[in-house]
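Only one structure is covered here, and it is reproduced in the block below.
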Amino acid sequence: MKIISLNKGVGALWYTLIFGLYFCCTPALANKVLRQNQSLLQQIQIRGSITDGNNPLPGVTISVKGKLTTAISDYNGQYTIAASPDDTLVFSFMGFKTVLIHIDGQKTINIQLKEDATTLKEVLVNTGYYSVKESERTGSIAKITAAAIEKQPVTNVLAVMQGRMAGVNITQTTGVPGGGFDIQIRGKNSLRTDGNNPLYIIDGMPYASENVGNTLLSSTILSAAGINPLNGINPSDIENIEILKDADATAIYGSRGANGVVLITTKKGKSGKTTFTLNAYSGTGKVTRTLNLMNTPQYLEMRREAFANDGFTQYPDWAYDINGTWDQNRYTNWQKELIGGTALTQNIETAVSGGTSNTQFLIRGTRFKETTVFPGNFAYGKTALHFNINHIADNNKFSISLSGNYVADKNNLLGTDLTREASVLSPNAPELYDPNGNLNWENSTWDNPLRLLEEKYLAKTNNLTASSAIGYKIMPGLEVKTTLGYTDNRLEESKKSPSTVYNPAWGLNSSASYFLLNQAKKQSWSIEPQLTYQQEVGLGTFKILAGATFQEQTREQQALYASGFSSNSLLTNIASAAHIAILNNDNSTYRYNAVFGRVNYNLQQKYILNLTGRRDGSSRFGADKHFANFGAVGAAWLFGKEDFISKAIPCLSFGKLRASYGTTGNDQIGDYQFLNTYSSSGISYQGITGLQPTRLYNPDFSWETNKKLEVALETGFLKDRVLLSTAYYSNCSSNQLVGIPLPSTTGFTSIQANLNATVENTGWELELRTVNFQNRQFKWSTMANATIARNKLIAFPGIAASTYANQYEIGQPLDIRKVYHFTGINPQTGIYQFEDYNHDGAITAPEDRQNIVHTNPNFFGGLQNSLTYKNWQLDFLFQFVTQLGINFNYTGVLPGVGNNQPVAVLDRWQQPGDTSAFQQYTAGFNNDAVNAFYNYSSSDAVFTDASFIRLKNLSISYTLPDSWSKIGRCRLYLQGQNLLTITRFKGPDPENQSQGSLPPLRVLTMGIQLNF
Amino acid sequence: MKFIRNNFINIVEILWLISFFITLTIFFSSCESFVDVDVPDSQLTGESVFQDKATAEAALVNIYGRFRNNVLVTGDLNGLSILLGSYGDELAYYSNGSLPEEAFFKNNLLPSNTTVTGTWNDSYNLVFAANAVLEGVDRSTGISQNDKNQLKGEALFVRSYIHFYLLNLFGEIPYITSTAYQVNAKAKKWSQEILYPLLITDLKTAETLLPANYIGGERVRPNRTVAEAFLARVQLYASNWEAAETTSNLIINNTATYALEDDLDKVFLKNSASTLWQLKPQGDGQNTLEGQNFIFASGPPPNRALTVDLSNAFETGDQRKNHWIGTVSDGTQNWYYPNKYKQNNNTGSSAEYSILFRLEEVYLIRAEARAQQGNSTGAKEDLNKIRNRAGLANTTANTKQEILEAILQERRVELFTEQGQRWFDLKRSGQSNYVLSAIKPGWNPTDLLWPLPETELLLNSNLLPQNPGY
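From first to last, the protein sequence lines are chains U and P.
In the working numbering, each number is its position in the first sequence, counted from 1, plus 2.
In the working numbering, each number is its position in the second sequence, counted from 1, plus 1001.
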């Protein structure tokens, strides 16, 4: 295949040069085009205002029929356009019926547009490489727009989608700002926990979403996931988010499409009068839920009983809480003290936009700041700049656009999440501060939780995403286009741990202090030349797309550990460290190369066939496994347009049946996994920096494949006032690429290999949109979505002999836990009992961990209502999830040791004959009770209903009447997030189900938006 | 005119289109090479590591760095000095946080205990590293025979050293001698009767391969003498008394290199003459993790302290109690901590390294081996060497049983909080139950062995059954 081999490193530059040359000559071409459209008739200026009956309508496109002239109405609904007295003006606006008016010599044309429910389905949907009309799409695509995003006071792009899309399950893992969200689009396809992330594309450019954070620095504050790589995206700069779900939509993304594709399109400039926008809000946040913990008398009663049960007549020296060392009457609500604070949120955005019909621009700036609910002075700040320029040449052939997003993020936090300490500290633990205002260590009898405030975590992210599209229409129907993209993502994380975090009794000085620094840089470029061709054939239209992708991503990362400081005040200055150890210094290159295409045939706008395919090459596989092919076929039948149907069902205004089938792949395994290598361990000995084997290696693994099938029925009734979409999908993932767990006697705990296992995800997705009521003043519409998802391991040859034997079960979901079956408390001994599956008289793993518990959410969705009355608008979204979750018994500590417990634990066994929920207390010396407790933590007793209904979002806004604000428009609003949670969950929050991570916050904000 | 211009445009456009496709062709033809990437400069391929002595050595000494920082014999929280000190009768637990040693102190280990699992996993990870050195060096064409011998000798030593600890902690274990994961994933476990001869064979090979001198001058990497000292210990544990004695002779007779320090305060300094093998800190000025983790300045102890039992075990006049034990008092109560290492902060240049083998132990090995063979005089001679140095009079023990008990007691006060020596002594002398059931509320007779990690049993059924009591 190597006809011409270009030098690899310089190759990229070379291609760019070639393309650069192309486009250098295109403006020249553009100039030579004749100005054929000049009218002989004299142009006049037409003015007017556009309303919806009540309010002015900004953003309406006014064009002159048959000509290129267009204009856009401003924020007061005013427009001006040049046209001949004989021309016809076309007023079009999304969601409203298009109106044509013959000028007929008039100079002022005022007009009222009527809302049109049917146009919803005429909206163009972006599928990445091409766009289709909503009504004509053959694939499964969910979409949300800026209108919904702007109603939510959140900073993470995943947060804005929660509860709003069928088939998309998003979970917030921590309430600490800058922390984690998990997303699953149509279930878990891969056995690898980190192999289920979708592909993120921002304005055509893949966004490297893999985490380059170092969990050594961040796991104690931001949970196991570390710093969220999506922080580099500013939600308020987003115009649309489209999620591609089925094979028809994702196969064109080939190897990266298995887990769905999240397409993010940022805001664009609009022509018309230059407009300024100012939007500011501020508000407060508190944790959603906390545990109901014991007070001091209840706690001390538990402790005394525990020691009595263990046969102690005298309390040990170290049992400070009950042996008299600590005040027996003190009580502190540690949850209130440590995580009960109020986080303040502030956000301000400004934007300028405008332009002519040829050139438009937009510049937006955002500044966001959020403090934490922890004590101390900590905050997360985000500054974002977004710009966009679009230009189309006079000849309407050459076009160019440039978009850029720059986000600077600064997350200044304490070193450790205090949530766990808050739930386990003894309620009679001592004062936080001594009378002199210093940390109180109470003579070394406790570890003051505020010591953790001494450690500081700081993360700075700088993210640049720039993309450009250059297009040229060669002849009618034939267009070439190249998209060029560049991203630069930098992360600098540091953790400062001064010796003051330790008890002074250790006598440590600043030589025990340390400073951890992690610096990472991800850069990528991509070039995607594309050719589209459109041709009428017979009664239909052929659309063809062909293109190629070249992408390179480089990553550099260095983490270092500095210690031996002469003073704690020099802790962030590496030069002051006596010892610097490089923990890791990694760099990697990922190259990706593909050709892709699409053939679409649309017959009479009734029968549509869509073929897509991609051939992918990835550097993540060994030399023999570089390339693979992916493809899909999709078809749609708009039966609503068939005469016999519309006669039979007159109320049916729209009807479409669509289906798709195809394959996608997954290459999310990290770079160089196929190589046998040694890497630097960061450990130095005798002046030699150590090398360690990186992994067990397997050069022969290859792509994971995912076959997707979907059938959907989309219907509209009563002139599309009711739109219902029902989809069934069935996805099969095989050739699973996993780190197969190995016993540690192999030296490692896993090896990367393909596993001949198949995972099936099936489900039903329902989406319903209704306009419940509509007149001039009042409009009420509802959007609902619901998903029933099933996940199943359908094949796994040799599972019994494999290392997965105790983790998975054929016919069961991947999210299962094999646990002991809790059978109650022995009324005689007061100890937990479990089912002895193998009847050997002992409760042992794995033999007796045979009870299967399903933890994946199987039914979830959202219900949104929008009500508009005159100048008022009210939106609210309820999110619901049904699932089993881990309750407080899972990570809970042994009832009876020196940690606090939920009040429910008071219901314990005390004497023979008692029936209770919890076994007898023990201070940790009753082996039977301790073992039973740990078995209990691994039993079905820790799984309880974690279903919830949550008022996810509420937004009320009021637009000041025009008479009040002459120059522009003014809108006042109130927004809330996670306002109300209805659940029976026994634990802090049913969403993150963790006692170690901060629950999500309940946020309430007030704001104002000005346009002029 | 207009016609020509229009056609001209079409020609340009067609040319444009043609060149576009030519470029696309170039793109696709270079696909294969485009997705070939070089090994990143932060990694080396397995082959190249062993083509060069310097990188091969870096692969080997990384194991010592891990011992020092965080595996098995480390002075850190997950090392045997603290874990076994707490599991047995040396250390008392004071923290109300949850430190790794809490479950050990309460003798409440579970098969899912992360510290137990971590000890197992990290140990076998280092065994893999040692085996990779052995295999890599064997295949290497770029390293001289002398250097090969030295590297292989050290790797063999390390491999048996780790297995020795594992077998004494867990009982029956697999003996891993290659990097072949397909084989090692199904590894079978072996009894002591099979394991000790394997260990001894490896050690004897190491002894012949290792040089007599220390690489780099300082005693921070095992040489032939260290292999011999360890062999003596293994022979003692395996009850090969005669072999234990003859191997000890080799070291004790090497008086030119090794001698007991008369000054007790110098025994744990980095240049101590009695040291056979110690672990060098990462940076100059740093000292030991033992010092950092044992020393505290005010009472009650923040985390751990010596048990009252141990501080009472010293005979009156024993200078080790004054020199090797630190005392903290709040006016009414005293607490004690191990103070063999005296530095818990950095010093201008490092003063102390963590010691893994010292001559005193070899004397005590020989004393025990001699006593077991009925040589009371020889045994007492060795024992008295250690006693006299501590300021104590000669032992009064006479019968074989008395002498063995005196040696056990001497080992307790000489080797306390050193990589679990005391715990292993209690275990092999059969006294664990007698001693510990009296003072530890959570003690069970089956606690002699740690549980095999639950994850291992789930992944490799050849390791079943679990140790008794778990």
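Note that the Cβ used here is the ideal one computed from N, Cα and C, for glycine as well.
Could you please tell me which residues of the region 927–957 of chain U, in chain order, have their CB closer than 8 Å to any CB of chain P?
From the region 927–957 of chain U, only 927, 929, 932, 933, 936, 940 have a Cβ closer than 8 Å to chain P.
Report the rounded CA-to-CA distance for residue 1210 (chain P) versus residue 1151 (chain P), giving the unit in angstroms.
Taking the second sequence and counting its residues from 1, the one referred to as residue 1210 (chain P) is at position 209. Taking the second sequence and counting its residues from 1, the one referred to as residue 1151 (chain P) is at position 150. Straight-line Cα distance between these residues: approximately 6 Å.
Nearest to residue 824 (chain U) by alpha carbon, out of U:830, U:837, U:832?
Here residue 824 (chain U) corresponds to residue number 822 of the first sequence, with the count starting at 1. With distances taken between Cα atoms, residue 824 (chain U) lies closest to U:837.
Between the CA atoms of residue 94 (chain U) and residue 611 (chain U) - distance to the nearest angstrom
Here residue 611 (chain U) corresponds to residue number 609 of the first sequence, with the count starting at 1. Here residue 94 (chain U) corresponds to residue number 92 of the first sequence, with the count starting at 1. Near 29 Å, if we compare the C-alpha coordinates of residue 94 (chain U) and residue 611 (chain U).
Proximity to residue 1483 (chain P) [Cα-Cα], best of U:875, U:674, U:829
Here chain P covers residues 1002 to 1471 and nothing more, so residue 1483 (chain P) does not appear.
Among U:153, U:45, U:141, which one has its Cα closest to the Cα of residue 978 (chain U)?
Mapped onto the first sequence, residue 978 (chain U) falls at position 976. When each option's Cα is compared against that of residue 978 (chain U), the closest is U:153.
With distances taken from CA atoms, which of U:692, U:563, U:787, U:309 is nearest residue 1067 (chain P)?
The residue you call residue 1067 (chain P) lines up with position 66 of the second sequence. Residue U:692 is the option with its Cα nearest to residue 1067 (chain P).
Any C-beta of chain P sitting closer than 8 Å to the C-beta of residue 685 (chain U)?
For the purposes of this step, residue 685 (chain U) is taken as residue 683 along the first sequence, with counting starting at 1. Yes, its Cβ sits closer than 8 Å to a Cβ of chain P.
If contacts are defined as beta-carbon pairs under 8 Å, then residue 517 (chain U) and residue 454 (chain U) qualify, I think. What distance do you get, rounded to the angstrom?
Sequence index remark: in the first sequence, residue 517 (chain U) carries index 515 (1-based). Sequence index remark: in the first sequence, residue 454 (chain U) carries index 452 (1-based). With 8 Å as the limit, residue 517 (chain U) and residue 454 (chain U) do not qualify as a contact, their Cβ atoms being about 16 Å apart.
According to the neighbour-count rule (16 or more other Cβ atoms, all chains shown, within 10 Å of its Cβ), is residue 734 (chain U) buried or exposed?
As a working note, residue 734 (chain U) is residue 732 in the first sequence. By the 10 Å Cβ count, residue 734 (chain U) comes out buried.
Would residue 295 (chain U) count as contacting chain P if we go by Cβ distances under 8 Å?
Translated into positions along the first sequence, residue 295 (chain U) becomes position 293. Cβ-Cβ to chain P under 8 Å: no for residue 295 (chain U).
Note down, in chain order, each residue of its chain lying with its Cβ closer than 8 Å to the Cβ of residue 268 (chain U), except the 5 sequence neighbours on either side.
Sequence index remark: in the first sequence, residue 268 (chain U) carries index 266 (1-based). Cβ neighbours of residue 268 (chain U) within its own chain (closer than 8 Å, five residues either side excluded): 204, 205, 239, 240, 241, 388, 390, 405, 407.
In this structure, how does DSSP classify residue 508 (chain U) when only helix, strand and coil are distinguished?
Against the first sequence, residue 508 (chain U) aligns to sequence position 506. Helix.
Taking 8 Å as the CB-CB cut-off, is residue 888 (chain U) touching chain A?
Chain labels in this structure do not include chain A; the protein chains are U and P.
Could you please give the first and the last residue of the uninterrupted beta strand (DSSP E) stretch that includes residue 1066 (chain P)?
The residue labelled residue 1066 (chain P) in the question sits at position 65 within the second sequence. Not the beta strand (DSSP E): residue 1066 (chain P) falls in the alpha helix (DSSP H), residues 1054–1070.
Cβ closer than 8 Å: which chain U residues qualify as neighbours of residue 1158 (chain P)?
Locating residue 1158 (chain P) in the second sequence gives position 157, where the first residue counts as 1. Within chain U, no residue comes near residue 1158 (chain P); the closest Cβ sits about 15 Å away, beyond 8 Å.
Which first and last residues belong to the alpha helix (DSSP H) in which residue 306 (chain U) is found?
Here the question's residue 306 (chain U) lines up with position 304 in the first sequence. Run containing residue 306 (chain U): 298–311, per the alpha helix (DSSP H) assignment.
Go ahead and label residue 1048 (chain U) buried or exposed: buried means 16 or more other beta carbons lie within 10 angstroms of its beta carbon, across all protein chains shown.
Residue 1048 (chain U) lies beyond the residue range present for chain U, which begins at 3 and ends at 1014; the question has no answer from this structure.
Cβ shell of residue 1465 (chain P) (< 7 Å), same chain only, five flanking positions each side left out
Residue mapping note: residue 1465 (chain P) aligns to position 464 of the second sequence, counting from 1. For residue 1465 (chain P), where only same-chain residues beyond five positions count, the Cβ hits under 7 Å are 1458.
Along chain U, which residues have their Cβ under 7 Å away from the Cβ of residue 1067 (chain P)?
Numbered from its first residue, the second sequence carries residue 1067 (chain P) at position 66. Ordered by position in chain U, the residues that pass the 7 Å Cβ test against residue 1067 (chain P) are 685.
Within 10 angstroms of the Cβ of residue 245 (chain U), are there 16 or more other Cβ atoms? Answer buried if so, exposed if not.
In the first sequence, counting from the first residue as 1, residue 245 (chain U) sits at position 243. Looking at its Cβ environment, which holds 16 or more other Cβ atoms inside 10 Å, residue 245 (chain U) is buried.
When the distance is taken between beta carbons, is residue 1166 (chain P) closer than 8 Å to residue 1073 (chain P)?
Position 72 of the second sequence, counted from the first residue, corresponds to residue 1073 (chain P). Position 165 of the second sequence, counted from the first residue, corresponds to residue 1166 (chain P). A contact, by the Cβ cut-off of 8 Å.
First through last residue of the beta strand (DSSP E) which encompasses residue 1306 (chain P)
The residue you call residue 1306 (chain P) lines up with position 305 of the second sequence. Here the beta strand (DSSP E) through residue 1306 (chain P) covers 1305–1307.
Distance between residue 556 (chain U) and residue 473 (chain U) (C-alpha atoms, nearest Å):
The sequence position of residue 473 (chain U) within the first sequence is 471, counting from 1. The sequence position of residue 556 (chain U) within the first sequence is 554, counting from 1. When rounded, the distance between both Cα atoms is 28 Å.
Is there a C-beta anywhere in chain P that falls below 8 Å from the one on residue 898 (chain U)?
One-based indexing of the first sequence puts residue 898 (chain U) at position 896. Taking Cβ atoms only, chain P never reaches closer than 8 Å to residue 898 (chain U), which makes this a no.
List the residues of chain P that residue 164 (chain U) touches, going by C-beta distances under 9 Å, in chain order.
For this step, residue 164 (chain U) is matched to residue 162 along the first sequence. Those do not exist, as residue 164 (chain U) stays about 33 Å from chain P at its closest Cβ, beyond 9 Å.
Report yes or no: is there a C-beta of chain P within less than 8 Å of the C-beta of residue 996 (chain U)?
Counting from 1 along the first sequence, the entry for residue 996 (chain U) is found at position 994. Residue 996 (chain U) does not count as touching chain P.
In angstroms with no decimal places, state the Cα-to-Cα distance between residue 615 (chain U) and residue 256 (chain U).
For the purposes of this step, residue 615 (chain U) is taken as the residue at position 613 of the first sequence. For the purposes of this step, residue 256 (chain U) is taken as the residue at position 254 of the first sequence. Roughly 7 Å between the two C-alpha positions.
Give the range of the alpha helix (DSSP H) segment to which residue 1451 (chain P) is assigned.
Taking the second sequence and counting its residues from 1, one reaches residue 1451 (chain P) at position 450. From DSSP, residue 1451 (chain P) is part of no alpha helix (DSSP H); its letter is neither H nor E.
From U:867, U:942, U:834, pick the residue whose C-alpha is nearest to that of residue 923 (chain U); which is it?
The residue labelled residue 923 (chain U) in the question sits at position 921 within the first sequence. The shortest Cα separation from residue 923 (chain U) among U:867, U:942, U:834 belongs to U:834.
Proximity to residue 630 (chain U) [Cα-Cα], best of U:644, U:746, U:665:
What you label residue 630 (chain U) is simply residue 628 of the first sequence in a count that begins at 1. The candidate whose alpha carbon is nearest that of residue 630 (chain U) is U:665.
My output table needs one value for residue 1462 (chain P): the three-state DSSP class, helix, strand or coil.
Taking the first residue of the second sequence as position 1, residue 1462 (chain P) is located at position 461. Residue 1462 (chain P): helix per DSSP, three-state reduction.
Does the beta-carbon of residue 1414 (chain P) have 16 or more other beta-carbons within 10 angstroms, so that it is buried, or is it exposed?
By one-based count along the second sequence, residue 1414 (chain P) stands at place 413. Residue 1414 (chain P) should be labelled buried.
Spatial neighbours of residue 1181 (chain P) within its chain, please: CB distance less than 8 Å, with the 5 preceding and 5 following residues excluded, ordered by chain position.
Along the second sequence, read from residue 1 onward, the residue named residue 1181 (chain P) stands at position 180. Result list for residue 1181 (chain P): empty, nothing under 8 Å.
Determine, using beta carbons only, whether residue 692 (chain U) comes closer than 8 Å to chain P.
In the first sequence, the residue the question calls residue 692 (chain U) occupies position 690. Chain P contact via Cβ: present.
Go to residue 1408 (chain P), then tell me how far its alpha helix (DSSP H) extends in each direction, as first and last residue.
Against the second sequence, residue 1408 (chain P) aligns to sequence position 407. Segment 1401–1415, the alpha helix (DSSP H) holding residue 1408 (chain P).
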